[in-house]
Structures are given as structure tokens and as C-alpha cells.
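Have a look at the structure below before the remarks.
Number of protein chains: 2
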Amino acid sequence: MFRNRMPRYDILSEEAMATLDRGWRRLMSEIGVEFMDQRALDLFAAAGQRVEDHTVFLDPDFVLEQVAKAPREFDVQARNPEHSIHIGGDAMAFGAVYGPPFVREGAVRRDATMDDFRNFTRLAQSFAALDSAGGVICEPNDAPLDSRHLDMVYALQTLTDKVYMGNVVSGVNAADTIRMTEILFGSREAIEQTPATISLINCNSPLRWDDRMLEAQFEYSSANQAVVLTPFLLMGAMSPVTVPAALVQQITEALSGIALSQLIRPGSPVVFGSFLSNIDMQSGSPTFGTPESGVGLLCTGQIARHFGLPFRTGGGLTSSQVPDAQAGYEALMTMLPTFLAGANWVMHSAGWLEGGLVAGYEKFIVDVEILQMLQHEFTPLEIDEDSLAFGAHEEVGHGGHFLGAMHTMERFRTCFYRPMLSSSENYERWMRGGGQDTAARAERIWRERLETFEPPPLDDAVREELEEYVVRRRAELGD
Amino acid sequence: MFRNRMPRYDILSEEAMATLDRGWRRLMSEIGVEFMDQRALDLFAAAGQRVEDHTVFLDPDFVLEQVAKAPREFDVQARNPEHSIHIGGDAMAFGAVYGPPFVREGAVRRDATMDDFRNFTRLAQSFAALDSAGGVICEPNDAPLDSRHLDMVYALQTLTDKVYMGNVVSGVNAADTIRMTEILFGSREAIEQTPATISLINCNSPLRWDDRMLEAQFEYSSANQAVVLTPFLLMGAMSPVTVPAALVQQITEALSGIALSQLIRPGSPVVFGSFLSNIDMQSGSPTFGTPESGVGLLCTGQIARHFGLPFRTGGGLTSSQVPDAQAGYEALMTMLPTFLAGANWVMHSAGWLEGGLVAGYEKFIVDVEILQMLQHEFTPLEIDEDSLAFGAHEEVGHGGHFLGAMHTMERFRTCFYRPMLSSSENYERWMRGGGQDTAARAERIWRERLETFEPPPLDDAVREELEEYVVRRRAELGD
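Residue numbers (my numbering), protein chains in the order written: chain F, 2 to 480; chain W, 2 to 480.
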């Protein structure tokens, strides 16, 4: 997996951080946070926090004590140990887009299906730059609602040997995910020792954790599975329009969720989550890849480190409807700050289109190219005498050409990043090849990948047990 | 003009910088630099440097003494004082693309004409994010070769009231630029006191300054006009394939050119130039927006500050043939590091396409949008109690919506960057509007800008004198 050994780009002064600290302490203790689950309220009350109706008025120092119980870094195991990941420190793990109900292939935009889900899962498996297919890589609308989580988890377990995310639609779905993970990894103990899932727990911002998400959180944290506590903030809608206010709210929400996980099971793995952008104030539409979201992202990294927590943010976000110039620059407007901040768990790294409503096949390829480039760019230079190539200058002299120099010949295969998608063909050659733009070339790439896909090997007995589980549970769920 | 008050992203350690320092000192003194102009060789010899044929073997400490004579920061005046710029410190000035022989509008790629030159000049004038139309915004192939510089300078002087770049094709062209600038600003004294042009002096890398460029440099530096001494490095062709080697060569070339300017006229304004990318090792084609160029750019900023010099680098570079996703992400792959490094003079900020062979109308608009976003993003947050919007939380409560909150109502017009080009329309609305991608929307914008363009006012007597000069010189040059 990728380790980001470049410096972090920190933009908050100590004074600014102190102001933010005063802000979340006040918000948490005076406005409080709603938890729509009685078990959560009971845990907080038993720990001495003031609870009124569903609102918990949190003592900031109590919350920091809980936060201190969480691991600063942890592993998440994949069934192929080479694909296990580390969350925290300088490690960065990348998962595909999560949640879109629609897909786009070329000019066609349509409902996502289970076949699409499997295709995107295969694509995620086939690119080394991605550490995970994620979880709900698209919403398979042709599969029965009550049992589709079984099909999705099964696809993630069998078509990839990488880390996957757990289903969070309900406590029941979470329990199914955990049970299937126990089958895949052999036992409950095996996955309690080292988590084998990581799951997204979204806040219903502002300042409310909903019942179904909390049910899932209880299941996962009890089983020592990793959870990503994520405020869902579109400034102007779910938070105030100023970035500092959004940051204060984000801290309040994330830390309150993290504190709950530590009450459920002290030491259980958690991630400080961030999903922070803004709406367009004319139309009310969500917008992505914006300057405000970029700034918020950089601050988020610094804040998470301030609390000693691994963090999730970033991705290849865009509002664009198609994989065009806007999709390219907006995706990078988020992904480059993601690297500057050193985000540890990066969802939506490939395939995000149209504000997250669409999983785009071509956009998936665009994003993988961006990811590959940045992984290359954020690998520190080696600067020593040898790298200065004095001998090449002696060989080439003034006004000469380095293409044939010995120093070049020795390095030409690996000296530069080799693009998968980007074209630098001259105009005549490009026209002879059909004058294909980036989206057209991306289509060729994902189709080739799917045609040549080979699923990773899986023990027959395990596969059978998983299948039996899916069949039995589907029947029990009435689908 | 834009001031970048965000932190710089420095990636070179002190040890790395010391290694680079050893590198350029050795390269400069042992391999030396060629100057294809006898006056340059005489100046270096008279100053005690060893000269053999056209090669000057430079004493690094002597070079640093010359560099110390150059101003750390300086102004370049525009005829509209509001558009005058500062070069150095936290100031960043942006000019349009420079040099393309072709243009692209929509699906059409063709030879550039003088009409295109005027159109791009108008576009540069019409966007506040740009400080200059640059110089050779495209090469007007329908204008006579010997006198087209007169038409270009005249267009830059009359269709914009912003800073412009001087012609560098020859000493004669440079002298014409200076004479026309004297007319526009009233006298030689007026422009010697504060430079009114900034000109690009390219090195014929590796390690050679050609005669025509040097002629132009002599003209401009003698007249106290700003020059940008720019190594032209495509790693693998004009420099070795390792970034550290390219950086060492870049320092050697830039400092040797800067030293010459200081010998011509001590204290004359200079800029440490950088144009640093790499070739594709399969095809030999130049590539842009690459990881290697991004890293080189970040290092260049740190190196220029190390020498106390303002610097030029960056732009909206791309290899893409059309304004598609690749054009979007590659442009930002260069422009975002440009802001992280705090480049002082940024050429190719708008319109660059197809490796610099094409000035693209739609790409121009894409680049201006990127520039506007980054100028917004690199404006520091104000973080104080008021920005935390505690009152908005009291008003909205848990699970509410901030759109109608008082805090939002007071700020909704200015709280977020308002896109000019990017779309966040929902799919149905976007389809009703014709389902236009970014390039199609960009076309609409540049056409509207040209239709509504009003040239900035200019004194009739000055315009007449400029016209007379152009007519007379065109006749003298035989066109």
C-alpha cells in the first residue's frame, strides 16, 4: 500500500487551532449531540454525561479521555495478506466510489445494477493503486432491497481479495456482514484480533446520529471492527457557511461518535471522518472540488493529527455530469489536497461522478490515472551525488541531447511515471488513431480490464459456506 | 493582483539543498556555460572569469556576488496603474499562454492568425484573474515575419492596459519593443525608472545561451527592463532524467544568465526562470502535468528563495489535444503546485493546449476558472469567534437546515467561490439545457466575452504615435 513520506501541508496556526478548540468544546457541551438510540443514551448517562431526551451534553474532557482509548493506528486485514492495509501514520488507503444509485458508461446514464456492482468490484481488484472496492460501489437497484447486502458482501469477498467495507443500512445488515466475514476469515476470534472490515457511520448532520447507523455502529464496534465516524457536511445546508464553523461542527460530531465507540468497546478501531463540501447558494445544489472544500480538507488533516486519530477525507469528487474537463480538474482539486493532508482512508477514490449520484466507468479510469500520478509524485526524491548525473553532462556537453546518454539508457524504463490514460501523441498520430479524447480512451481501458479479469483464487469450502449463508439468509429475509 | 499569503510547501531538506549546491557549483565551474555572443564573453572575461571559445567557466562565488546585485522584488508598470504588478515576495502575477503556432476553437484546429492574437489579447484583458496577456499569445502566421512583432506589441498596448512581455526574436525586435514602450509611457526615463516590460530569455539547454536571445537580453537589461532567465528543460532530452540533475542544471543555467544581466547593468531586474517537464521515454514526445514536473516545480520555488530571487514557473500545462478530462487534470497538476510554491511570474496560465503547440479558446476559459478557484483557495481563512457561528447552531438545532439561518442570509452572496464555468446542475436541468459538457459551455463564455469587449481607453496622440512608428518601421523592415 502507499505510504506518504512527503511533508504535510499544514495551514492552521496554533492560535487558529486554539480558537477551534474553544469552539467544539462549547458546541458539544452547550448544544450537545443527539443519539437516536437508547443504548447509546444509556452508555453516556452511565458514564456521567447529562442526557435530556435524545440529546447528550458532552463534557469535552470526558470525550478526550474516550478518544485517548482509541488506537492511533491499526491494521485491517484482507484475505490476501499482501492486500491488508494499515490505517494511520503515513499510510494512505484508497477505496472506490460509495453509494451512487446510477451509473454512466459513455453517453448512457441509467440505474445501477448488480452486474455493475460486480464490474466495478472487478475493476477495483485489477488496479494496484486501489486498496479496496469500498462497500456500496453502486446501489444494485435490480436486487431485492432486503437481501441485496448479502449479494454485495459476497461479491466483495469473492471478486476481490482486498479489504472491503461493511454494510450499514441496519444492525441486521451489519450482523450479516460480520457473520460472512467470520466465514471468510475462519472465526470470530480471527476478525476480533485484527479487524477485517471498515464501515462508514454517517452523522445526520447537524449534530444527530440516527438509529440505523447507530445500530450498525454497535454491531461493528462490539466486534472490534473499524468504523469511520463521518460528519456529512455541505456548508450552507448541514453546517454554517463559514469553514471554521464547519470544522468545529465536524470535530464535535466526529469526536462524539468516536467516544460512543469507545464506550461500546474500549480500544476499538475508529477513524475521524470528514465529508465536507458546500452547496451552490444560487441553486442549493451540492458542489464538489470547490476551493472551500480543499481548504477544509487541509484543515481536517491537521485537526485529526491534533487529536492523534487516523482520518478519512478526500476522493475524486466532482459535480460534473460527464467525465470532461471539469470532472478532471475538480477530481484533482480534491485528490491533490488529500495527498497534501496525508489522509489515511480515502473513499470515493475512483468512479465518482455527478455529485456522487453516478458511478462512472470512464471516470473510474480517469481517477485511477490521477491516483497513480499522485502516488508517484508523493514519493520523495532521492537526492545524492549519483542523482546529479555529472557524468551525463560530461558526455553530452553544451547544446546536446540526453536521450542517448548512458545515464538515460540505464534508467529509461523506470525514470518517469508511465501514463495509462493520458496521451502525449503528436496531433497527426493522434488523428490517425481516431482522435479519441480521454473519455473514449478510458472506455477502451475499462472494457479491456473486464474482458481479461481473473477472479482471485478462493478455497472451495469457504465459497460454499458463504453461498449457503447467502441462500439461507435471503430466504429468512423473505426475498 | 493576487498575493499568496498561504504557507509555502517546501519539500527539500537542508541536506538535499546542500547536495544541490555542491552540484551546480561543480557543473558551472567544471563544464561551464556557452554564451554565443562576443559581448557576453568579453564581459565575463573582463570580470575575471575563464573563457575558452564560447564557454565561460564560472566561479560560483563570483556568480553569487552578481546575483546579490539583483533586486529581490520589483514592480512592472502597466499603463493603467491599477494593473501594475509586483514581482517577488508573496505576489503572484499570471500571464496567458506564450508561443503556440496553432489555435483550436471547438473541433477546429488551424494556423493561428493576427485576429486570433487580438482575440486572445481581448480575453486576457477581460478576466481579472490574469495580470497580462503575455507576449506571443499565439504566433500570427498570416502577418509578415519581419514586422509581426510590431503588430503584436501594438495589440498588447492598445487592446489591454495590463503589463505585457517584450519580443525576443532578435535584438532589433527587442529595441522596437522598448521604443514603443517609451512612446506608451512617455519617455525612456519613465520606463528605466520602473520597468514596463518583462521578457522571456530562454536558454538553449543544456548549458548554452544563443545569440539572438542574448541580443534581446542585452537590449532589455541595458534599458532596466525585466528579464526572465529560463532554462528550457524536458528531462530526457535537454537534461538528464533525474529531477535532482535537472534542478542542478536549472540553477547553473538560470544563475549564469542572471549574472550576465548584472554585468550588463548592475541592479537590473531579473527573474529565476523554470520550464521543467519530461519527455515520454517511449515516444520522445514532451509531456506536461506530470508527477516529475510537479515535484520539480515545488523544488524550484524553494531553490529560488534560497537565492533570494523572484521566480517564474508553472501554468496550465497539458499534453492533451483537446480540452477534455486530461486537459483538466494536467492543467491543475501544474497550477496547484504553482500556488503551493508561490511562483511570482506565471506564464501559460490560460489557453495552453497540446504541449504548447496550440492556443485553445475553450481551454483558455477552463484555465481561468482554475485560476479563479485557486486564488480563492489560497486566501487564508479568518478564524475568530464570529466565524464559528455558534448562534447559527442555537437557531438551527439538531438535524436542521442552515439554508435559511440568519448567519447564512447575511453571507450567502459572498461566502463561497461562484463558478463561471463549472456546472452543478442536477441531471434533468442539465439535460434540458442541452446537456453541454465543459468545453461547450466554455465556448459560449469566450464568444460572449469577445462580443461584449470594450478596449480600454487610450490617449489619441499616443495611439497615433504608436501607429506612425509601426508604419515607419514596417516599411524600413521591407514588409
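Note that CB positions come from ideal geometry on N, CA and C, so glycine has one too. Computed from a prediction, not measured in an experiment: that's the story for all the values here.
- Residue contact with chain F for residue 346 of chain W: absent (no Cβ-Cβ distance below 8 Å to any residue of chain F).
- Taken through DSSP and simplified to helix, strand or coil, residue 446 of chain W comes out as helix.
- Neighbourhood of residue 251 of chain W in chain F, by CB distance below 8 Å: empty, with the nearest CB roughly 12 Å away.
- Taken through DSSP and simplified to helix, strand or coil, residue 399 of chain W comes out as coil.
- Inclusion of residue 18 of chain F and residue 59 of chain F in the CB contact set at 8 Å is not warranted, their separation being larger than that value.
- When the Cα atoms are used, residue 126 of chain W and residue 72 of chain W turn out to be separated by approximately 28 Å.
- Interface annotation, residue 339 of chain F: not in contact with chain W, CB-CB separation never under 8 Å.
- Per DSSP, residue 277 of chain W is not a residue of any alpha helix (DSSP H); the beta strand (DSSP E) it occupies stretches across 276 to 280.
- Under the Cβ criterion of 8 Å, residue 139 of chain W is not counted among the residues facing chain F.
- Taking a Cβ-Cβ cut-off of 7 Å, the neighbours of residue 205 of chain W in chain F comprise 400, given in sequence order.
- Proximity of chain W to residue 239 of chain F at the Cβ level (cut-off 8 Å) is accounted for by 402 and 403, in chain order.
- Around the CB of residue 283 of chain F, fewer than 16 other CB atoms lie within 10 Å, so the residue is classed as exposed.
- Interface criterion met: the Cβ of residue 334 of chain F is under 8 Å from a Cβ in chain W.
- If you draw a 10 Å sphere on the C-beta of residue 453 of chain F, you find fewer than 16 other C-beta atoms in it, and that means exposed.
- In the three-state DSSP reduction, residue 428 of chain F falls in the helix class (H, G or I).
- Judged by DSSP in its simplified three-state form, residue 435 of chain W adopts coil rather than helix or strand.
- The residues 36 and 52, in chain order, have a CB closer than 6 Å to that of residue 42 of chain W in the same chain once the five nearest residues on each side in sequence are set aside.
- F:114 is the residue among F:458, F:342 and F:114 whose C-alpha sits nearest the C-alpha of residue 145 of chain F.
- Residue 472 of chain W sits exposed, since fewer than 16 C-beta atoms from the chains shown fall within 10 Å of its C-beta.
- In the three-state reduction of the DSSP assignment, residue 257 of chain W falls in the helix class.
- Among the bridge pairs identified by DSSP, residue 106 of chain F is matched with F:109.
- Exposure of residue 129 of chain W is indicated by the presence of fewer than 16 other C-beta atoms within 10 angstroms of its C-beta.
- Residue 202 of chain F is outside the set of residues whose beta carbon lies under 8 Å from a beta carbon in chain W.
- Shortest Cα-Cα distance from residue 40 of chain W to any of W:351, W:210, W:138 and W:98 involves W:210.
- Counting of Cβ neighbours within 10 angstroms places residue 166 of chain F among the buried residues, the total reaching 16 or more.
- For residue 174 of chain W, the three-state secondary structure derived from DSSP is helix.
- Residue 205 of chain F is positioned such that its CB atom lies closer than 8 Å to that of residue 400 of chain W.
- Counting only runs of 4+ residues, the alpha helix (DSSP H) found wholly inside the stretch 71 to 151 of chain F occupies 115 to 127, in chain order.
- Where residue 294 of chain F is concerned, there is no enclosing beta strand (DSSP E), although the alpha helix (DSSP H) around it starts and stops at 292 to 307.
- For residue 299 of chain W and residue 11 of chain W, the gap between their C-alpha atoms comes out near 7 Å.
- The beta-bridge partner set that DSSP reports for residue 234 of chain W consists of W:277.
- Three or more beta-carbon pairs separated by less than 8 Å link the stretch 85 to 103 of chain W to the stretch 352 to 360 of chain W, which places the two stretches in contact.
- Contact note: residue 17 of chain W reaches chain F through 382 and 384, using a C-beta cutoff of 8 Å and chain order.
- Interface annotation for the stretch 430 to 441 of chain F against chain W: 431, 438, 439 and 440, criterion Cβ-Cβ distance under 7 Å.
- In this structure, residue 275 of chain W lies near residue 231 of chain W, with their beta-carbon atoms less than 8 Å apart.
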